[in-house]
């Protein structure tokens, strides 16, 4: 695994004219979503389970204690996934359910997590066969010391917790509330304890499609140790359209990311109260991306970063205390297009003496100083772009290398891309299935039925034919299933097409239409010509054509989890690629660069982590690029990759 994170600041070779990102308003957009899935999406036909129905029987009346119902659901999800060996992530994902929460208030009195002991492989062994020091026996200065030598001889496929694909999706954010009982036992002073948890370990390398959407988490009153969500997640993981609030403002943290590895895209979140709004402590290859977030009324810091990195876009912090605190040399933060206001004149907006901090297009008001340890007060209006490393501003005497100047490429979607499709006009492909084993007729009937949203509600779709997508279809939702087929954008339109929550689907961008891909993995993308606009959010292992054949395309990726597949990501002639957060890993790419820029191409990377020892990070062959990133890998690693 890793032996440490090394921040690097590599900003601009041959800087081009500044073209600014869109000036969308900072803060939570509060999408007005009332999610009502069609009947065919629910079990037994589909993979979605209503948590108010048997065998869970939750009662969202604000009075009944629903702790046992949520634990039953959690245990049920893990029992489904335990049907197959955890050595195959795809097979495990095929078994996973999704839990739907109708609107109402779900009162609980304890943490929502599975029952029993921690599911790490160690705990599956008889005590006499367990390694004396465990699969991990220390955590020192952010470095896991993992005792790998035992696992080949113990007959267990994985030392990890074997927890993934846990999904809670509400009907309506404002009216679907999970509330911790006031003065709940176990949440007292010094007893840090989450309301909703995604693990009991501090490290889990089986983290995919953990999702929280359209919910409010309320930690109640008199629970000073409470954490709203204890989250971990890499591939296809997401927190979206969520409020986390403290009933009296005195709880510990709204969102706590302490488990590694975590890379994910989170958006439209409001966190109100707590000592810390967001607390990031995870270490190995951890770099989540947060966009459109409101942090308000924190007592110690809006965001606190320890052994992690993150990219923050369009944050609205309304705090007297510091908006951002960085406490470790391993911390790496890129913060863009954000508003930090209502600060105490005796306070500093950003506390950092360690780590790498990249600031761009910030507006700061109220605070006496911008960055602790530096003399300047916040300027009026937008602050100039700055890079600060271990408390000192970074500058360069090399004429062609300009620290602190990024490319400012325009976003793929200058308008608000957070569209919401009318789910009342939705169908499931399963509704059109006949007795024939051939799935093609059912798929084609669904796409020509006139519905705006098409759901693939059951598991393991396989079709070798190309499916043409007409202009009236606005969203294709795989409900986290494997949909092994090829979709072709067949009709031009100015209305974006959203394709989300699916594995293994291939996309051909033929007719010109804006395309948004959300939470996709193992997808191949092919452009039939230049001039396409593509937005990726929370996508992983996007293969082949997207990564290397990009001439003339406009692409924005928000948390691109490249794994080690088919690198380098290449900006060819005429390509404009912006990456807000990335991760690479594995030995496949050790003889390759992570990224390549060819003559006439432009690549802008705003935060990320390289998790292997590649040949280099960026191979510049005459184009324009900028990068802010960190390394997280075995052994010593130089920081001059350009």
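Residue numbers (the working numbering): 127 to 768. Beta carbons: idealized from backbone N, C-alpha and C, even for Gly.
Residue interval of the beta strand (DSSP E) (run including residue i)
i           : result
residue 643 : 641-647
residue 755 : 750-758
residue 719 : 719-724
residue 589 : 587-595
residue 475 : 474-478
residue 515 : 512-515
residue 162 : That residue, residue 162, is in no beta strand (DSSP E); it is neither H nor E in DSSP.
residue 294 : 293-296
residue 382 : 379-383
residue 319 : 319-323
residue 326 : Segment: none, residue 326 is in no beta strand (DSSP E) and carries neither H nor E.
residue 355 : 352-356
residue 185 : Per DSSP, residue 185 belongs to no beta strand (DSSP E) and is neither H nor E.
residue 580 : 579-581
residue 497 : 495-497
Coil, strand or helix - residue i by DSSP
i           : result
residue 198 : helix
residue 436 : strand
residue 362 : coil
residue 551 : helix
residue 153 : coil
residue 310 : coil
residue 567 : helix
residue 118 : With the chain represented from 127 up to 768, any question about residue 118 goes unanswered, as that position is not in the structure.
residue 485 : strand
residue 242 : coil
residue 167 : helix
residue 710 : strand
residue 770 : Residue numbering for the chain in the displayed model covers 127 to 768; residue 770 lies beyond these limits and cannot be assessed.
residue 333 : coil
residue 537 : coil
residue 374 : coil
residue 695 : strand
residue 557 : helix
residue 204 : helix
residue 572 : helix
Limits of the alpha helix (DSSP H) - the one that residue i falls within
i           : result
residue 504 : Taken as a continuous stretch (DSSP letters only), residue 504 belongs to no alpha helix (DSSP H), as it is neither H nor E.
residue 219 : 215-221
residue 741 : Taken as a continuous stretch (DSSP letters only), residue 741 belongs to no alpha helix (DSSP H), as it is neither H nor E.
Bridge partner(s) assigned by DSSP for residue i
i           : result
residue 175 : 225
residue 230 : 302
residue 191 : 233
residue 520 : Answer by DSSP bridge pairing: none, since residue 520 is not bridged.
residue 731 : 705 and 753
residue 687 : 666 and 709
residue 464 : 488
residue 369 : 342 and 396
residue 747 : 724
Any chain C beta carbon closer than 8 Å to residue i
i           : result
residue 331 : Although the question refers to chain C, the structure presented lacks it and comprises just one protein chain.
Length at least 3, wholly inside the region 599-684: the beta strand (DSSP E) runs in chain order: 601-615, 623-629, 632-635, 641-647, 651-653 and 659-666
Uninterrupted beta strand (DSSP E) stretches inside the region 385-460 (no shorter than 3 residues): 391-398, 402-406, 415-422, 427-431, 435-444 and 448-452
Any 3 or more C-beta pairs closer than 8 Å across the region 578-596 and the region 203-217: no
Touch test, the region 494-512 against the region 686-698, Cβ-Cβ under 8 Å, three pairs minimum: no
Inter-stretch contact at 8 Å, needing at least 3 Cβ pairs: the region 500-515 / the region 640-648: no
At least three beta-carbon pairs within less than 8 Å, the region 435-444 to the region 406-426: yes
The region 724-731 touching the region 701-710, judged by at least three CB pairs closer than 8 Å: yes
Three CB pairs or more closer than 8 Å across the region 213-228 and the region 175-192: yes
Any 3 or more C-beta pairs closer than 8 Å across the region 566-578 and the region 186-196: no
Touching by the beta-carbon criterion (3+ pairs, under 8 Å), the region 286-306 and the region 320-328: yes
Inter-stretch contact at 8 Å, needing at least 3 Cβ pairs: the region 419-429 / the region 741-756: no
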